[in-house]
Amino acid sequence: MTRWRDLYCGEVRPDDVGRTVAVAGWVARRRDHGGLVFIDLRDHSGVVQLVVNPERAAEAAKIAHDIRSEFVLRARGEVVARAPEAVNPALATGAIELQVDELEIVARSEPLPFQLDDDGVEEPLRLRYRYLDLRRDRMQRNVRLSATVISAIRSSMEEQGFIDVWTPTMTLGTPEGARDFLVPVRLQPGKFFALAQSPQLFKQVFMIGGLDRYYQIATCWRDEDLRADRQFEFRQLDLELAFPTREDVLDVLERVVVASFEALGRTPPPRPFPRLAYADAMLRYGSDKPDLRFELEIQDATEPTRGSEFGVFANAECVRFLVAPTVFSRAQLQRLEEFAKEWGAKGLAYLVVDESGEVRSPIAKFLSERELEAFAAPHGSTVLFAADTPAKVERILGALRLQLGEELGLVDTTRDEFLWVLDFPLFELDEETGEWTFVHHPFTGPLEGHEDLIESDPGNALSNAYDLVWNGWELGSGSIRIHRQDVQARVFRAMGMTEDEAQTKFGWFLEALRMGTPPHGGFALGLDRFLALLAGESNIREVIAFPKTAGGSDPLTGAPTPIPDRVLAELGIALKPEAGTGR
Ligand code: ASP
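Taking this note's numbering, the leading residue of the sequence shown gets 31, the next gets one more, and so forth.
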């Protein structure tokens with residue numbers, strides 16, 4: 031046999047009948063029947079059935095004796111049509127088989143730690159043997175889909191005039207709201223690089239450097255607790271433009287999304303994507319990343335409940351409600367109350383409007399006509415209230431809305447709802463320090479006309495930041511930046527940073543801003559999230575070849591591991607005994 035293969039396993043077709051071809055792949059299954067050996071040979075393209083007949087190929091039949099699952103084989107033989115009763119219409123190759131003339135065991139396999147067709151394998155085992163997991167259809171599909179989309183993203187960016195420029199991994203910390211991963215430097219003991227949480231400042235400096243349309247598929251490192259949509263290291267489509275309007279930036283991203291859908295042969299979402307102000311998103315959905323695949327909007331009842339006889343309403347800064355399209359039982363309401371309490375509610379007031387329109391509620395007797403009118407709900411529904419500070423009400427009803435959407439099957443999973451959330455606040459109060467801190471990052475520009483609020487009313491200053499949301503997932507954020515050094519210094523100051531601190535942390539950047547900085551703005555699209563959603567997965571680990579577990583380890587290699595003292599000493603590092611090195 032000279033050529034490895036003429037065809038992939040899944041490519042053998044009825045038109046090949048009569049041809050002699052070579053295929054190579056893994057043994058998915060072997061069966062012995064009537065003196066013949068049947069082998070399903072698999073690769074990423076599909077499966078083809080080999081038939082080893084001792085009367086046709088005595089040597090191959092001898093070899094076939096030894097063959098077990100997941101051996102790697104190479105086979106040459108004639109493509110023949112299967113007998114009509116043996117045709118398998120479920121397989122692309124189900125009408126044909128390969129009558130083997132030559133067979134070679136290229137590599138043997140030990141019995142595997144799990145069956146590749148078992149869908150119930152636990153994740154730690156899948157990750158420990160990721161190379162086996164990758165052989166499975168799901169991972170093959172996800173990894174290949176990812177490659178198709180990344181290629182489409184690159185093409186779209188380049189068609190739009192962006193150039194791919196690399197930025198350093200090891201750098202000075204960039205604040206993106208997480209802890210830095212640190213890299214000790216042997217040549218300068220006691221000093222550390224931070225792994226870039228994003229290329230943020232470098233891309234801004236590109237604009238100062240005249241590279242007016244930059245992009246990169248950048249790896250970013252953030253030390254934070256891992257979740258379904260978070261890994262220590264992740265990829266983002268990072269981009270920046272000089273002289274853009276906000277609409278220019280959004281347009282670039284919409285084109286990228288459309289190109290990605292088209293690359294997968296799917297109908298893209300209609301453009302322009304809807305836009306919603308942050309304040310409206312919080313009011314109507316209790317979330318800055320609302321899932322718009324179902325309606326169920328939050329309604330405000332603060333005004334009609336002023337002076338209510340129901341003290342909980344009268345005394346709350348804010349009263350809002352949801353109307354669930356069902357009549358909940360007492361037990362269900364109790365469960366929902368528990369749920370609301372987990373999100374900070376003190377209780378869950380409700381009105382049940384039964385099928386005949388009769389209202390059942392322990393609080394109804396306290397409510398005025400005006401209030402009842404304000405809460406009007408159709409027959410066969412339940413009104414659920416939250417009464418507290420606006421922030422708490424948003425959090426409680428936002429969570430309840432999602433819970434009800436799922437529980438009541440309101441989410442239309444056939445829909446793809448993209449959305450821009452705009453006009454985020456510039457600052458928020460840091461719960462630990464009580465100081466104003468940034469919402470996105472400290473380089474986000476204030477909305478036009480809001481510059482003066484930086485000092486006078488920071489809590490009400492809006493920013494020119496925007497998030498892209500898809501079906502309730504935040505896909506990424508961006509902003510029009512601060513391009514004036516004086517405004518940047520004022521923002522640092524508003525966040526309680528002294529002149530000295532600002533110099534130490536960002537002096538190099540403040541200096542750059544003084545040397546002819548064009549207005550600029552950009553965005554970063556979380557690639558792993560985008561790919562996971564395109565692949566129909568709810569966890570980004572399914573689109574990352576070698577992800578970390580939720581506990582932050584890599585079960586394949588066993589990393590992270592302790593480091594010998596001698597290596598640490600070279601770096602000028604000594605571990606405290608309680609560091610738990612596991613040695
Ligand atoms: N640097 C931001 C991030 O990584 C994105 C941006 O503002 O462009 O989330």
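All C-beta atoms in this analysis are idealised placements derived from N, C-alpha and C, irrespective of residue type, glycine included.
By the Cβ rule, the stretch 421 to 431 counts as touching the stretch 365 to 381, because three or more pairs are nearer than 8 Å. Excluding residues up to 5 positions away in sequence, L241, R243, Y244, Y245 lie with their Cβ nearer than 8 Å to the Cβ of I193 in the same chain.
Judged by DSSP secondary structure, G508 falls within the beta strand (DSSP E) whose first and last residues are 503 to 510. According to DSSP, residue pairing for H95 in a beta bridge does not occur. The stretch 427 to 446 makes no contact with the stretch 379 to 387: fewer than 3 CB pairs, one atom from each, lie closer than 8 Å.
The beta carbon of A54 lies closer than 6 Å to those of W34, R35, R104 in the same chain, with the five residues before and after it left out. Between Q515 and L477, the C-beta spacing is not below 7 Å. A residue is called buried once 16 or more other Cβ atoms fall within 10 Å of its Cβ, and R559 is buried on that count.
If you compare the alpha carbons of D259, A224, S509, R400 with that of E339, the shortest gap goes to R400. Just so you know, the alpha carbons of A87 and G150 end up roughly 39 Å apart.
Scanning its chain for C-beta atoms nearer than 6 Å, with the 5 sequence neighbours on each side dropped, one finds around S139 the residues E100, F101, in chain order.
Our two residues, A589 and G203, have alpha carbons roughly 24 Å apart in a direct line. The continuous beta strand (DSSP E) containing W56 extends over residues 50 to 63.
With 16 or more other Cβ atoms from the protein chains shown falling within 10 Å of its own Cβ, Q230 counts as buried.
A distance of 7 Å or more separates the beta carbons of V78 and V67. Ranked by how close their Cα comes to the Cα of Q329, the residues E152, V413, F522 have V413 in first place. In this structure, DSSP gives T534 a helical state, which the three-state scheme calls helix. DSSP links V279 through a beta bridge to no other residue. If you check the C-beta of A554 against the ligand ASP, you find a heavy atom less than 6 Å away. The beta carbon of V517 lies closer than 7 Å to those of E481 in the same chain, with the five residues before and after it left out. Looking at the backbone, the Cα of D96 and that of L564 are separated by about 42 Å. Remark: the C-beta of S228 is in contact range of the ligand ASP, defined as less than 6 Å to any heavy atom. In this structure, the alpha-carbon of I593 lies about 43 Å from that of I510. Looking at the DSSP output, F457 shares a beta bridge with F468. The ligand ASP approaches S507 closely enough that one of its heavy atoms is under 6 Å from the residue's Cβ. In chain order, Q170, V173, A575 place their CB closer than 8 Å to the CB of L164, counting only its own chain and leaving out the 5 sequence neighbours on each side.
In this structure, DSSP gives I69 an extended state, which the three-state scheme calls strand. Going by beta carbons, V109 and V42 fall inside the 7 Å limit.
The continuous beta strand (DSSP E) containing P214 extends over residues 212 to 214. Membership of S411 in the beta strand (DSSP E) is indicated by the continuous run 411 to 418.
The beta carbon of G439 sits closer than 7 Å to no other beta carbon from its chain once the five residues preceding and following it are set aside. The beta-carbon distance between K319 and V499, rounded to whole angstroms, is 5 Å. This is short enough to meet the 8 Å contact definition. Between N490 and G475 a beta carbon distance of about 16 Å is seen, past the 8 Å cut, so the two are scored as non-contacting. At a Cβ-Cβ threshold of 7 Å, A417 and A309 do not count as neighbours. Between the beta-carbon of L256 and that of F262 there is about 7 Å, and that keeps the pair under the 8 Å contact cut.
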